[in-house]
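Residue numbers (my numbering): 37 to 292.
Written out below as structure tokens is the structure these notes cover.
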Amino acid sequence: MFLLGLSVHCKILNNEVCFNLQKSALAQDEIGLDDFDFDDEIMPELTISDPLEPINRLFFHFNDKLYFWALKPVSRVYGAVVPKPCRISIRNFFHNLFAPIRIVNNVLQGKFTNAGVEFNRFLLNTTVGVAGLGDPAKNKFGLDIKDEDLGQTLGYYGIGNGIYFCWPILGPSTARDTLGLAGDSFLNPLTYLGQSDPDAQIAAYAVKYVNNTSLVIGDYESFKESSFDPYISLRDAYIQHRHSKVNDKNNSDTVY
37 MFLLGLSVHC KILNNEVCFN LQKSALAQDE IGLDDFDFDD EIMPELTISD PLEPINRLFF
97 HFNDKLYFWA LKPVSRVYGA VVPKPCRISI RNFFHNLFAP IRIVNNVLQG KFTNAGVEFN
157 RFLLNTTVGV AGLGDPAKNK FGLDIKDEDL GQTLGYYGIG NGIYFCWPIL GPSTARDTLG
217 LAGDSFLNPL TYLGQSDPDA QIAAYAVKYV NNTSLVIGDY ESFKESSFDP YISLRDAYIQ
277 HRHSKVNDKN NSDTVY
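In structure tokens form, the structure reads like this:
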């Protein structure tokens, strides 16, 4: 299950939020990983409610060890065997697979033009892009990703973060985003795969997160080395990242 969580760390670091310790295997997902900038400062007006900090820190360290002891070694071997162009195509495939989440949440926010862009991206990438392995929608037609999820939709309608969680396996989240993950799971094709074949679902998520992590190895390590307190840095970066996405400052080109 750890492999299903590695996106929030990498999305923050590389547009997935620091390896998605994450947005959840069931929903996005998305965490993680190509527009977020750790150099962004937390805005002064943002407040973070973290009453569970001792427990959250315990789970942060648990996830951290799983990354170094399991995911990173597996991803390193995988990256040595599978050529980078193939790994990028696999990442594209999963991102295309989760298009229903983005389409529906754009509609729920009244962003009908963006929903149309996402729908056209899905059609083009599924057909011309050969099941989503390529991204001709962006590369040939200039259709950028319009990334939205239910956590962002709830924020759009004024629902705050609530308390911060660092879930074991799943990683950084908030009460709002956790609720959003649960809702988005109904739009995730892999949820329904799991109902008929749980082993295939687990295998799909394992491939997804090992593949994505193989493309960003070193980012999390650099983040830790530059952080006085990695737990606080990740928490603050996650909250800032989500604030930016709710306010449409960084909603393009996120790869789940």
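Cβ coordinates follow ideal geometry from the N, Cα and C atoms, glycine included.
Exercise. Pull up the distance between the alpha-carbon of Tyr114 and that of Ala236, whole angstroms please.
Key: Their backbone Cα atoms lie some 19 angstroms apart in a straight line.
Practice problem: With DSSP as the reference, label Ser209 as helix, strand or coil. | Solution: In this structure, DSSP gives Ser209 an extended state, which the three-state scheme calls strand.
Quiz prompt | Environment of Lys176 [buried if 16+ CB atoms lie within 10 Å] | solution = It is exposed - the Cβ of Lys176 has fewer than 16 other Cβ atoms within 10 Å.
Practice problem: Indicate whether the contact test is met: 3 or more Cβ pairs, each with one atom in the stretch 161-176 and one in the stretch 126-144, closer than 8 angstroms. | Solution: Contact between the stretch 161-176 and the stretch 126-144 is present: 3 or more CB-CB pairs across the two stretches fall below 8 angstroms.
Quiz item: For Phe201, which of helix, strand or coil comes out of DSSP?
Solution: Residue state, collapsed to three classes: strand.
Quiz item: Nearest-angstrom Cα distance between Gly152 and Leu206?
Solution: Whole-angstrom Cα-Cα distance: 31 angstroms.
Quiz prompt | Ser262, DSSP secondary structure in three states | solution = Three-state DSSP puts Ser262 in coil, outside helix and strand.
Exercise. Measure from the alpha carbon of Ser111 to the alpha carbon of each residue in Pro266, Glu261, Lys244, then state which is nearest.
Key: Residue Lys244 is the option with its Cα nearest to Ser111.
Quiz item: Are the Cβ atoms of Arg271 and Pro204 separated by less than 8 angstroms?
Solution: Between Arg271 and Pro204, the CB-CB gap reaches or exceeds 8 angstroms.
Quiz prompt | Nonlocal neighbours in the same chain, by C-beta distance under 6 angstroms from Pro225, ignoring five residues either side | solution = These residues qualify, in order along the chain: Leu133.
Exercise. Assign Tyr103 to buried or exposed, taking buried as 16 or more other Cβ atoms, counted over all protein chains shown, within 10 Å of its Cβ.
Key: Buried, because 16 or more other Cβ atoms sit within 10 Å of the Cβ of Tyr103.
Quiz prompt | The alpha helix (DSSP H) enclosing Tyr103, as first and last residue numbers | solution = Careful: Tyr103 lies outside any alpha helix (DSSP H) and carries neither H nor E.
Quiz item: What does a CB cutoff of less than 7 angstroms around Arg212 pick up in its chain, not counting 5 residues either side in sequence?
Solution: Gly187, Leu190, Gly191, Ile195, Gly196, Asn197, Gly198.
Quiz prompt | Residue range of the alpha helix (DSSP H) that includes Ile126 | solution = First-last of the alpha helix (DSSP H) with Ile126: 120-133.
Quiz item: According to the neighbour-count rule (16 or more other Cβ atoms, all chains shown, within 10 Å of its Cβ), is Glu184 buried or exposed?
Solution: Classification for Glu184: buried.
Quiz prompt | Exposure of Asn247, with buried meaning 16 or more beta-carbon neighbours within 10 Å | solution = Of the residues assessed, Asn247 falls on the buried side of the cut-off, its CB having 16 or more other CB atoms within 10 angstroms.
Self-check item: Opening and closing residue of the alpha helix (DSSP H) in which Lys182 lies
Solution: Per DSSP, Lys182 belongs to no alpha helix (DSSP H) and is neither H nor E.
Quiz item: Can you tell which of Asn92, Phe95, Val140 has the C-alpha that lies nearest to the C-alpha of Gly219?
Solution: Nearest Cα to Gly219 within the set Asn92, Phe95, Val140: Val140.
Quiz item: How close, in whole Å, do the beta carbons of Asn142 and Lys182 come, if the pair is a contact with beta carbons under 8 angstroms?
Solution: Indeed they touch by this definition, with Cβ atoms about 6 angstroms apart.
Self-check item: Rounded C-alpha distance that separates His279 from Phe96
Solution: Their backbone Cα atoms lie some 21 angstroms apart in a straight line.
Exercise. Could you check if Phe74 is buried or exposed, using at least 16 other CB atoms within 10 Å of its CB as the buried criterion?
Key: Only weak support exists for where Phe74 lies, its pLDDT of 43 falling under 50; the value from the coordinates is given anyway. Buried, because 16 or more other Cβ atoms sit within 10 Å of the Cβ of Phe74.
Exercise. Go to Val246, then tell me how far its alpha helix (DSSP H) extends in each direction, as first and last residue.
Key: For Val246, the uninterrupted alpha helix (DSSP H) segment begins and ends at 234-250.
Exercise. Take the Cβ of Ile275 as the centre, count every other Cβ of all protein chains shown within 10 Å, and call the residue buried at 16 or more, exposed below.
Key: Counting the other CB atoms within 10 Å of its CB gives Ile275 a total of 16 or more, which places it among the buried residues.
Quiz prompt | Own chain residues within Cβ distance below 8 angstroms of Gly165, not counting five before or after | solution = Counting only Cβ-Cβ distances below 8 angstroms, and skipping sequence neighbours, we find Asn128, Asn132, Asp171, Pro172, Ala173.
Quiz item: Cβ atoms of Asp284 and Tyr200: under 8 angstroms apart, would you say?
Solution: Against a cut-off of 8 angstroms, the Cβ pair of Asp284 and Tyr200 comes out as no contact.
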